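Novice: One structure, as structure tokens, below. Some questions next.
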Amino acid sequence: GSVLVVGGVVDTSNTPTNAAALYDPSTNSWSTAAPLAEAREAHAVVRIAGARTLVAGGLNAAGVEIFGAPNNPPIANAGADQSLQGCGECLAVALLDASASADADGDALSYTWSEGSSVLASTRHATTTAGFTVGTHIVTLTVTDGAGGRATDTVTITVNDAIASMSRQIAELQAQLAVAQTTIGGLNAALAQVEQDMRREFRNPQFTIPGQTPGSRVDALADAIAELNHGSKQQLYRQLQAP
1032 GSVLVVGGVV DTSNTPTNAA ALYDPSTNSW STAAPLAEAR EAHAVVRIAG ARTLVAGGLN
1092 AAGVEIFGAP NNPPIANAGA DQSLQGCGEC LAVALLDASA SADADGDALS YTWSEGSSVL
1152 ASTRHATTTA GFTVGTHIVT LTVTDGAGGR ATDTVTITVN DAIASMSRQI AELQAQLAVA
1212 QTTIGGLNAA LAQVEQDMRR EFRNPQFTIP GQTPGSRVDA LADAIAELNH GSKQQLYRQL
1272 QAP
């Protein structure tokens, strides 16, 4: 890069100057730069963020001047909204990712994450982690460039109560099981009544409907009834065909 030289004295009379010049080491050449607003000698020169130079003070001046292009503020990007699983007594850990943030001047950036007035993290690294309770959290990212520029963005972190969700699912399964047990109980009672009627009708106290489960016993009964209906229809047909 170039070297900025500003102010100083120009002759043996120690007369301060407002002159400014740039020296390019790669070509060993000088070029004129915009002059200081005030002539200065014995002043301080400091490089600041954004490829700029601050000139301050001196024996005959007290103000501050800045050389270089105006600072461009950074762009903040807090990343996509997140949905996590947590529980009532524990924290869900979220990755806070500001890596999509940028700065046109190439300044080193600092990142602060906060929720309301509470600072969750303040770091020079683009990513960090933080713990969140069950609920919805609006997290604000503030990006600063060290040269007065700043920008903000927000991300929503939603933490769902996994235990409550599981409890609801178990309750639903228990309700379905209760209905199924009631249905099976009613089916068994109906089959027992059919068996009792058959034993009494045919005077066979040992009669049982075949099958290992209520479903298979119902199928066996349905098959028998279908055969009975078919036989009855055949008998009726033969009677109608008789001369």
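With positions in the sequence shown counted from 1, the corresponding number in the working numbering is that position plus 1031. Glycine included, every Cβ here is placed at the ideal spot set by N, Cα and C. As the structure is a prediction and not an experimental result, all values here were calculated from the model.
Tell me Gly1117's beta-bridge partners as DSSP assigns them.
Specialist: Numbered from its first residue, the sequence shown carries residue 1117 at position 86. DSSP output for Gly1117 lists Asp1192 as bridge partner(s).
Novice: Considering only residues of the same chain and omitting the five flanking positions on each side of Thr1185, which have a CB-CB separation below 8 Å?
Specialist: For the purposes of this step, residue 1185 is identified with residue 154 of the sequence shown, where counting begins at 1. The residues are Ala1109, Ile1169, Val1170, Thr1171 and Leu1172.
Novice: Tell me whether Asp1098 is buried or exposed, calling it buried when 16 or more other Cβ atoms sit within 10 Å of its Cβ.
Specialist: Looking up residue 1098 in the sequence shown gives position 67. One detail in the question is off: residue 1098 reads as Phe in this sequence, not Asp. Burial call: buried.
Novice: Specify the secondary structure class of Ala1064 as computed by DSSP and reduced to three states.
Specialist: Counting from 1 along the sequence shown, the entry for residue 1064 is found at position 33. For Ala1064, the secondary structure class from DSSP, reduced to helix, strand or coil, is coil.
Novice: Measuring CB to CB, does Ala1139 end up less than 8 Å from Gly1166?
Specialist: Counting from 1 along the sequence shown, the entry for residue 1139 is found at position 108. Counting from 1 along the sequence shown, the entry for residue 1166 is found at position 135. No, the Cβ-Cβ distance between Ala1139 and Gly1166 is not below 8 Å.
Novice: Just to confirm, is the Cβ distance from Thr1175 to Leu1127 under 8 Å?
Specialist: For the purposes of this step, residue 1175 is taken as the residue at position 144 of the sequence shown. For the purposes of this step, residue 1127 is taken as the residue at position 96 of the sequence shown. Cβ distance not < 8 Å, so Thr1175 and Leu1127 don't count as in contact.
Novice: Using 8 Å as the threshold, is the C-beta distance between Ala1064 and Leu1035 below it?
Specialist: In the sequence shown, counting from the first residue as 1, residue 1064 sits at position 33. In the sequence shown, counting from the first residue as 1, residue 1035 sits at position 4. Taking 8 Å as the Cβ cut-off, Ala1064 and Leu1035 qualify as a contacting pair.
Novice: In the DSSP assignment, what residue or residues form a beta bridge with Ser1141?
Specialist: Stepping through the sequence shown from its first residue, residue 1141 is reached at position 110. Thr1175.
Novice: Ala1135 and Asn1103: beta carbons closer than 8 Å?
Specialist: As a position in the sequence shown, residue 1135 is number 104, starting the count at 1. As a position in the sequence shown, residue 1103 is number 72, starting the count at 1. Yes; because the gap between Cβ atoms is below 8 Å, this pair is in contact.
Novice: For the beta strand (DSSP E) holding Val1124, just list the boundary residues, first then last.
Specialist: Stepping through the sequence shown from its first residue, residue 1124 is reached at position 93. From DSSP, the beta strand (DSSP E) with Val1124 extends over Ala1123 to Asp1128.
Novice: On a Cα-Cα basis, can you pick out the residue from Asp1228, Ile1215 and Ala1123 that is closest to Thr1164?
Specialist: Taking the sequence shown and counting its residues from 1, one reaches residue 1164 at position 133. It is Ala1123.
Novice: CA-CA distance, Arg1145 and Asn1045?
Specialist: As a first step, residue 1145 is located in the sequence shown; it is residue number 114 there, counting from the start. As a first step, residue 1045 is located in the sequence shown; it is residue number 14 there, counting from the start. Position check: residue 1145 holds Ser in this sequence, whereas Arg was assumed. In a straight line, the C-alpha of Ser1145 is about 54 Å away from that of Asn1045.
Novice: Which whole runs of the alpha helix (DSSP H) in the region 1185-1262 are 4 residues long or more, in chain order?
Specialist: Listed in chain order, the complete alpha helix (DSSP H) runs (minimum 4 residues) inside the region 1185-1262 are 1193-1233.
Novice: Counting only the same chain and skipping the five closest in sequence on each side, list residues whose C-beta sits under 8 Å from that of Asp1112.
Specialist: Stepping through the sequence shown from its first residue, residue 1112 is reached at position 81. Hits under 8 Å: Val1186, Thr1187, Ile1188 and Thr1189.
Novice: With 16 as the cutoff for other CB atoms within 10 Å, does Leu1151 come out buried or exposed?
Specialist: Walking along the sequence shown from the start, residue 1151 turns up at place 120. Taking every protein chain shown into account, the CB of Leu1151 has 16 or more other CB atoms within 10 angstroms, so this residue is buried.
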